[in-house]
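When the letters of the sequence shown are read in order and numbered with numbering that gives the first Met the number 0, they come out as residues 0 to 316.
All C-beta atoms, glycine included, are put in the ideal place defined by N, C-alpha and C.
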Amino acid sequence: MNKILTTDRRRFCQMGLAAAGLATTTGLLGQNGFADQPSGDGDKPWLRKTLKIGMIKLKDGSLEDKFRLAKEAGFEGVELNAPTVNVEEANAASKATGLIIDGTVGKYHWQTRHTDPDPAVRKEAMKLLKKGIENTAAVGGRTMLLVPGHGKDGTDQEVYDRAVAAIEEALPLAERNLVSIVIENVWNDFCYDHEGGNDQTADRLAKFVDEFRSIWVGVQFDIGNHWKYGDPAEWIHTLGRRIHKLDIKGFSRAEGKFTKITEGDINWPSVEKALHDIKFTGWLAAEVSGGGLERLKEINDHLEESLHCSKSISSVG
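Structural data, given as structure tokens:
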């Protein structure tokens with residue numbers, strides 16, 4: 000029997016069993032695949048607000064103090080940095096404050112890249128990715144954000160193949176730990192043309208995710224990152240159920256720079272409609288300049304102003 004067909008069939012069966020198990024025993028699968036939203040709970044907000052741990056600025060404060068500050072500012076979750084999570088401290092802080100650790104961000108992937116030409120560097124990157132997945136699971140997180148590589152590391156094909164190989168190697172561990180590897184669309188010369196125009200599509204990113212034929216690989220779609228290169232609403236329609244989670248920031252095409260969420264020229268009504276069209280519900284992570292309580296409250300307000308996060312699931316379904 001053809002080896003590729005055998006592998007595909009095995010992966011297909013694994014996916015089916017995993018999806019069935021999740022849907023019936025844990026309730027993790029939402030409309031978009033990994034909404035982490037209780038099924039049928041129509042009164043809950045359609046978007047759950049989270050933020051990056053580095054945005055919480057608190058001089059001399061403990062992790063619990065930071066969690067408490069984010070909670071007071073109106074956030075439901077937080078993303079920690081992997082693979083350097085202090086698991087015991089993080090779990091204690093979450094339990095004490097009620098702030099959910101919904102996922103992590105791989106903080107090594109710019110310096111130690113999975114597409115580096117040096118096999119030794121790629122090997123080290125794999126160790127960090129696997130440790131990050133284990134960190135994420137240990138604190139109850141469901142996603143680990145990954146920038147899979149950089150276009151400067153070789154030809155387009157070399158970079159693509161190395162990125163695929165890395166995720167393929169880590170995927171079994173992610174599946175066992177119920178952690179989704181989520182690819183962020185960033186300015187890394189990968190799956191888009193960095194010197195190209197503003198009419199680019201998400202087709203190449205969708206193809207990359209589809210390489211893995213797994214519910215455990217998806218996209219943490221950053222709404223602001225590619226407004227310079229394409230329409231985020233169109234990207235959302237193309238990526239569809241591949242989107243497991245959202246990042247949000249502002250960007251001004253007119254000025255060519257990132258902005259506060261509500262101060263750029265992104266068409267937020269079109270983005271919101273696109274998300275409703277693909278039936279997305281789940282986590283929305285702020286990724287902007289942070290600060291103390293007042294700044295975090297401002298960010299929380301901007302999330303509400305841009306995408307009306309608190310509307311109920313039933314009202315947008």
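Asked                                                                                                                                                                                 : Found
Which of the three DSSP states, helix, strand or coil, is assigned to Ala-81?                                                                                                         : strand
For Val-405, which of helix, strand or coil comes out of DSSP?                                                                                                                        : The structure shown does not extend to residue 405, since the chain spans only 0 to 316, so no value can be given for it.
What residue range is occupied by the uninterrupted beta strand (DSSP E) comprising Leu-245?                                                                                          : 242–247
Under three-state DSSP, which class holds Gly-131?                                                                                                                                    : helix
Return the CA-CA distance between Lys-256 and Leu-127, expressed in angstroms with no decimal places.                                                                                 : 32 Å
What are the start and end residues of the beta strand (DSSP E) that includes Trp-282?                                                                                                : 281–285
Rounding to the nearest angstrom, what Cα-Cα distance links Glu-254 and Ala-91 in this structure?                                                                                     : 44 Å
Ignoring anything shorter than 3 residues or poking outside the stretch 156–193, list the beta strand (DSSP E) runs there in chain order.                                             : 179–183
Going straight from the alpha carbon of Thr-114 to that of Val-120, what length do you get?                                                                                           : 9 Å
Figure out for me which residue from Gly-217, Thr-142 and Gly-139 has the closest Cα to the Cα of Val-163.                                                                            : Gly-217
Does the stretch 261–271 touch the stretch 86–100, meaning 3 or more C-beta pairs lie closer than 8 Å?                                                                                : no
What does DSSP give as the partner residues of Pro-327 in its beta bridges?                                                                                                           : Since the first residue of the chain shown is 0 and the last is 316, residue 327 is not available in this structure.
Could you check if Glu-293 is buried or exposed, using at least 16 other CB atoms within 10 Å of its CB as the buried criterion?                                                      : exposed
For the alpha helix (DSSP H) holding Ile-298, just list the boundary residues, first then last.                                                                                       : 292–306
How would you write the range of the alpha helix (DSSP H) that Thr-364 sits in, first residue to last?                                                                                : The structure shown does not extend to residue 364, since the chain is modelled only from 0 to 316, so the question has no answer here.
If I follow the unbroken alpha helix (DSSP H) through Lys-65, where does it start and stop?                                                                                           : 62–71
Taking the alpha-carbon positions, what's the His-344 to Ile-277 distance?                                                                                                            : Only positions 0 to 316 of the chain appear in this structure, which leaves residue 344 out of reach.
Could you name the residues of the same chain whose beta carbon sits closer than 6 Å to that of Glu-174, not counting the 5 residues immediately before and after it, in chain order? : Trp-215
Can you tell me whether DSSP reads Ile-265 as helix, strand or coil?                                                                                                                  : coil
Which stretch, first to last residue, makes up the beta strand (DSSP E) that contains Thr-154?                                                                                        : First-last for Thr-154: undefined, no H or E at that position.
Does DSSP put Thr-258 in a helix, in a strand, or in coil?                                                                                                                            : strand
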